[in-house]
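Peer 1: One structure coming up, written as structure tokens, with questions to follow.
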Amino acid sequence: MTEEADILFALIRARYAARLDAGQLEELRKAVEGIVRDVATLRAATIPEDAEPGQPFTPFRAVP
Amino acid sequence: MSGEFRTIRELGADIRAGRLSPLLLAEACMKRLETVGRALNAVVTVTRERALEQARRAERELAAGHDRGPLHGIPYGAKDLLATSGGIPTTWGAAPFRDRCFDEDATVIQRLEDAGAVLVAKLAMVEFAGGMGYRQPNASFTGPGISPWAADAWSGGSSSGSGSAVGAGLVPFAIGSETWGSILGPATYCGATGLRPTYGRVSRHGAMALCWTLDKLGPLALTADDCGLVLEAIAGADPRDATAAARAYRYERPSADARFRFAVVRGTVDASEPAVRDGLRAALERLREVGTIEEITLPDRPYEAMARIILWAEGASAFDRLIEGGVIDGLTAPEDRVTPYARDAILAKDYLRALRLRGVVAREIDSVLSQFDAIVGPSRGTAGPRLGAEFRSAIRGSFPDVLGAIGNAAGLPAIGVPCGFAPDGLPIGMQFLGRAWDENTVLAAAYAWQARTDFHRQWPV
Numbered sequence: 054m055t056e057e058a059d060i061l062f063a064l065i066r067a068r069y070a071a072r073l074d075a076g077q078l079e080e081l082r083k084a085v086e087g088i089v090r091d092v093a094t095l096r097a098a099t100i101p102e103d104a105e106p107g108q109p110f111t112p113f114r115a116v117p
Numbered sequence: 019m020s021g022e023f024r025t026i027r028e029l030g031a032d033i034r035a036g037r038l039s040p041l042l043l044a045e046a047c048m049k050r051l052e053t054v055g056r057a058l059n060a061v062v063t064v065t066r067e068r069a070l071e072q073a074r075r076a077e078r079e080l081a082a083g084h085d086r087g088p089l090h091g092i093p094y095g096a097k098d099l100l101a102t103s104g105g106i107p108t109t110w111g112a113a114p115f116r117d118r119c120f121d122e123d124a125t126v127i128q129r130l131e132d133a134g135a136v137l138v139a140k141l142a143m144v145e146f147a148g149g150m151g152y153r154q155p156n157a158s159f160t161g162p163g164i165s166p167w168a169a170d171a172w173s174g175g176s177s178s179g180s181g182s183a184v185g186a187g188l189v190p191f192a193i194g195s196e197t198w199g200s201i202l203g204p205a206t207y208c209g210a211t212g213l214r215p216t217y218g219r220v221s222r223h224g225a226m227a228l229c230w231t232l233d234k235l236g237p238l239a240l241t242a243d244d245c246g247l248v249l250e251a252i253a254g255a256d257p258r259d260a261t262a263a264a265r266a267y268r269y270e271r272p273s274a275d276a277r278f279r280f281a282v283v284r285g286t287v288d289a290s291e292p293a294v295r296d297g298l299r300a301a302l303e304r305l306r307e308v309g310t311i312e313e314i315t316l317p318d319r320p321y322e323a324m325a326r327i328i329l330w331a332e333g334a335s336a337f338d339r340l341i342e343g344g345v346i347d348g349l350t351a352p353e354d355r356v357t358p359y360a361r362d363a364i365l366a367k368d369y370l371r372a373l374r375l376r377g378v379v380a381r382e383i384d385s386v387l388s389q390f391d392a393i394v395g396p397s398r399g400t401a402g403p404r405l406g407a408e409f410r411s412a413i414r415g416s417f418p419d420v421l422g423a424i425g426n427a428a429g430l431p432a433i434g435v436p437c438g439f440a441p442d443g444l445p446i447g448m449q450f451l452g453r454a455w456d457e458n459t460v461l462a463a464a465y466a467w468q469a470r471t472d473f474h475r476q477w478p479v
């Protein structure tokens with residue numbers, strides 16, 4: 054388990070451990086490791102500085 | 019008077035010639051949904067009252083010369099994440115919502131009503147459309163979806179009932195949804211044809227939100243031609259869904275003699291299971307009858323990780339209340355009660371990085387696709403997972419699906435068509451992935467394929 058996965062899992066355990074048993078926590082730990090692996094791959098990808106997230110937000114104004 | 023395994027065009031011709039009654043057709047479909055459909059765990063609710071009312075209206079209108087078009091009097095089923103009024107439950111496949119009803123119809127349901135189609139059933143689906151991370155077929159309160167091709171094979175998900183109902187000939191078409199694989203997967207495993215439209219082509223108003231920037235609604239049917247007819251009826255702008263594009267869509271029935279330029283992404287066929295890979299190779303040889311095929315290499319990008327992070331982050335927010343409030347404790351799949359909590363590990367910066375990368379990928383893949391009519395590949399790299407066992411899936415990172423990740427993340431249209439059978443007799447599928455808003459091109463390619471093959475006309479016994 055990487056240090057980042059360790060820290061993130063600690064956060065999730067703090068939030069939700071009361072709802073989960075030991076087996077479920079172990080499953081959760083593996084899921085967090087998977088996310089951290091994906092994120093590491095993403096962070097390694099080169100993205101142009103001007104690449105925007107492309108969210109379709111538009112300012113709202115009620116009529117009139 | 020049966021509509022079993024008959025296309026929309028065939029049924030429509032019989033209805034207009036007076037050889038087939040919409041009312042009796044709806045009755046026949048509902049009878050089979052109640053028997054075969056229930057046995058396949060494909061049905062949540064048979065919408066008898068509404069169906070009979072719509073079918074009677076279709077008979078009256080057609081007799082009076084008021085023809086609403088090719089779907090008039092045609093029965094269909096809707097994935098149970100589309101809101102329906104009139105006391106018909108909309109369950110999202112989840113036990114905690116088995117009795118939940120809405121006051122209005124989803125836009126797609128309304129558009130199909132306007133087109134004269136007859137809603138005969140709300141169809142089963144994986145709970146919350148798989149958004150909780152299920153990894154085995156038993157993840158719906160209606161039981162695991164069963165493929166019409168084998169009693170021990172999964173129908174696929176999350177549009178399980180839509181795939182089974184069409185594949186078993188219970189309805190001529192059904193509406194499904196896809197965030198990543200939920201139309202093409204069940205279409206493949208059930209031997210049906212499934213169209214995932216461009217993101218924004220079809221309004222999502224009234225549909226359960228799993229991922230706001232990935233969710234698409236589309237048809238499953240017996241042929242590509244029928245998918246085109248349904249898409250024309252449900253496409254278009256909607257003031258209640260800001261992402262529904264104002265681009266007009268009109269289905270153009272293709273020529274069977276059209277020629278195409280296809281690309282195959284290096285490695286995508288070989289990455290499939292051997293049973294699928296061998297069938298796909300044979301299909302690609304056959305496909306040369308309708309066009310050229312060039313092997314290409316895509317830029318080296320973390321396509322699947324990108325799509326997963328977007329999916330999990332948006333899903334965590336979309337279902338935040340249900341996760342935090344403990345509603346997920348009532349779900350069927352044990353893993354669906356646990357893994358959603360892990361999404362708190364996704365940082366906002368990383369989600370935004372995935373979105374930024376998606377924009378780059380969308381431009382790169384459009385540049386590639388501008389040189390071809392479609393990219394061809396497996397619609398599913400695995401064939402017929404078995405009930406009672408874990409299946410492999412790109413969404414959980416246990417199986418590659420580069421085309422699915424790119425196609426869904428970039429919002430591109432794709433159609434999955436039957437292209438052969440695995441040695442155990444289960445259907446396998448091939449997809450045509452096209453440029454944004456080019457549904458007619460992928461439909462035309464699939465049409466040309468189906469004009470030369472009969473995989474889509476082989477039915478389960």
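Just so you know, the sequences run in chain order A and D.
The opening residue of the first sequence carries number 54 in our numbering; numbering runs sequentially from there.
The opening residue of the second sequence carries number 19 in our numbering; numbering runs sequentially from there.
Quick reminder that beta carbons are idealized off the backbone N, C-alpha and C, glycines included.
Identify the contact partners of D:Asp98 in chain A, using a Cβ-Cβ distance below 9 Å as the criterion.
Peer 2: Those within 9 Å of D:Asp98 in chain A number zero; the least Cβ separation is about 27 Å.
Peer 1: Tell me, please, whether the CB atom of D:Glu353 is closer than 8 Å to any CB atom in chain A?
Peer 2: yes
Peer 1: Does D:Tyr359 come within less than 8 Å of chain C when only Cβ atoms are used?
Peer 2: Among the protein chains in the structure shown, which are A and D, there is no chain C.
Peer 1: Check whether the Cβ of A:Ala104 lies closer than 8 Å to any Cβ atom in chain D.
Peer 2: Under the Cβ criterion of 8 Å, A:Ala104 is counted among the residues facing chain D.
Peer 1: Less than 8 Å between the beta carbons of D:Phe473 and D:Pro441, yes or no?
Peer 2: no
Peer 1: For A:Ala63, decide whether its Cβ has a neighbour in chain D, counting only Cβ atoms nearer than 8 Å.
Peer 2: Any Cβ of chain D closer than 8 Å to the Cβ of A:Ala63 would place that residue at the interface, and such an atom is absent.
Peer 1: Using 8 Å as the threshold, is the segment 450 to 463 of chain D in touch with the segment 270 to 279 of chain D, meaning 3 or more CB pairs across them?
Peer 2: yes
Peer 1: So, at 8 Å on beta carbons, what are the nonlocal neighbours of D:Met19 in its own chain, with the 5 sequence-adjacent residues on each side left out?
Peer 2: A caution first: D:Met19 carries a pLDDT of 44, below 50, which makes its placement in the model unreliable, though a value can still be read off. Excluding residues within five positions, the ones whose Cβ falls inside 8 Å are Leu38, Ser39, Leu42, Leu43, Ala46.
Peer 1: Measuring alpha carbon to alpha carbon, tell me which of D:Arg129, D:Ile127, D:Pro190, D:Gly179 ends up nearest D:Gly30.
Peer 2: D:Pro190
Peer 1: Using the DSSP secondary-structure output, state which residues sit across from D:Phe278 in a beta bridge.
Peer 2: D:Gly309
Peer 1: So, with DSSP's three-state summary, where would you put D:Glu145?
Peer 2: helix
Peer 1: What ranges does the alpha helix (DSSP H) occupy inside the segment 347 to 403 of chain D, keeping only unbroken runs of at least 4 residues that lie completely in it?
Peer 2: For the segment 347 to 403 of chain D, whole alpha helix (DSSP H) runs of length 4 or above, ordered along the chain, are 366 to 387.
Peer 1: Let me check one thing: in DSSP terms, what residues is D:Ser195 bridge-paired to?
Peer 2: Answer is D:Leu235.
Peer 1: Strictly by DSSP, which residues pair up with D:Phe450?
Peer 2: D:Val394, D:Ile433
Peer 1: List the DSSP bridge partners of D:Ile314.
Peer 2: D:Val283
Peer 1: For A:Glu80, which residues in chain D fall below 8 Å Cβ to Cβ?
Peer 2: Glu353, Val356, Thr357
Peer 1: Whole angstroms are fine: how far does the CA of D:Pro93 sit from the CA of D:Ile33?
Peer 2: 12 Å
Peer 1: Please report the distance separating the alpha-carbon of D:Asp288 from that of D:Thr400.
Peer 2: 12 Å
Peer 1: For the structure I just gave you, are there three or more beta carbon pairs, one from the segment 122 to 132 of chain D and one from the segment 171 to 181 of chain D, closer than 8 Å?
Peer 2: Under the 8 Å Cβ criterion, the segment 122 to 132 of chain D does not count as touching the segment 171 to 181 of chain D, having fewer than three qualifying pairs.
Peer 1: Using the C-alpha atoms, what's the distance from D:Ile364 back to D:Gly149?
Peer 2: 15 Å
Peer 1: What residue from D:Pro257, D:Pro114, D:Gly185 has the CA that sits closest to D:Glu22's CA?
Peer 2: D:Gly185
Peer 1: Which residues does DSSP pair with D:Cys119 in a beta bridge?
Peer 2: In the DSSP output, where bridge partners are listed per residue, D:Cys119 has D:Pro107.
Peer 1: Nearest CA to the CA of D:Ala464: which residue from D:Cys245, D:Arg66, D:Leu232?
Peer 2: D:Cys245
Peer 1: Do you know offhand how far A:Glu56's Cα is from D:Thr357's?
Peer 2: 20 Å
Peer 1: Identify whether D:Trp167 lies in helix, strand or coil by the three-state DSSP scheme.
Peer 2: coil
Peer 1: List the endpoints of the continuous alpha helix (DSSP H) containing A:Tyr69.
Peer 2: 56 to 69
Peer 1: Do D:Asn59 and D:Ala183 have their C-beta atoms closer together than 8 Å?
Peer 2: no
Peer 1: By DSSP's criteria, D:Ala253 is part of a beta bridge. Which residues make up the other side?
Peer 2: D:Val220
Peer 1: In chain A, what lies closer than 9 Å to D:Arg319 by C-beta?
Peer 2: Ala98, listed in chain order.
Peer 1: Under 8 Å between the Cβ atoms of D:Ile446 and D:Val294?
Peer 2: Going by C-beta atoms, D:Ile446 is nearer than 8 Å to D:Val294.
Peer 1: Does the structure place the segment 380 to 400 of chain D close enough to the segment 448 to 455 of chain D that three or more beta carbon pairs sit under 8 Å?
Peer 2: These segments touch.
Peer 1: For D:His223, is the classification buried or exposed, using 16 other Cβ atoms within 10 angstroms of its Cβ as the cut-off for buried?
Peer 2: buried
Peer 1: Which word fits D:Thr315, buried or exposed, when buried means at least 16 other C-beta atoms lie within 10 angstroms of its C-beta?
Peer 2: exposed
Peer 1: Name the DSSP bridge partner or partners of D:Arg214?
Peer 2: D:Ala432
Peer 1: Taking the C-alpha atoms as reference points, what is the distance between D:Met48 and D:Asp338?
Peer 2: 37 Å
Peer 1: Report the rounded CA-to-CA distance for D:Ile311 versus D:Gln468, giving the unit in angstroms.
Peer 2: Approximately 17 Å, taken between the alpha carbons.
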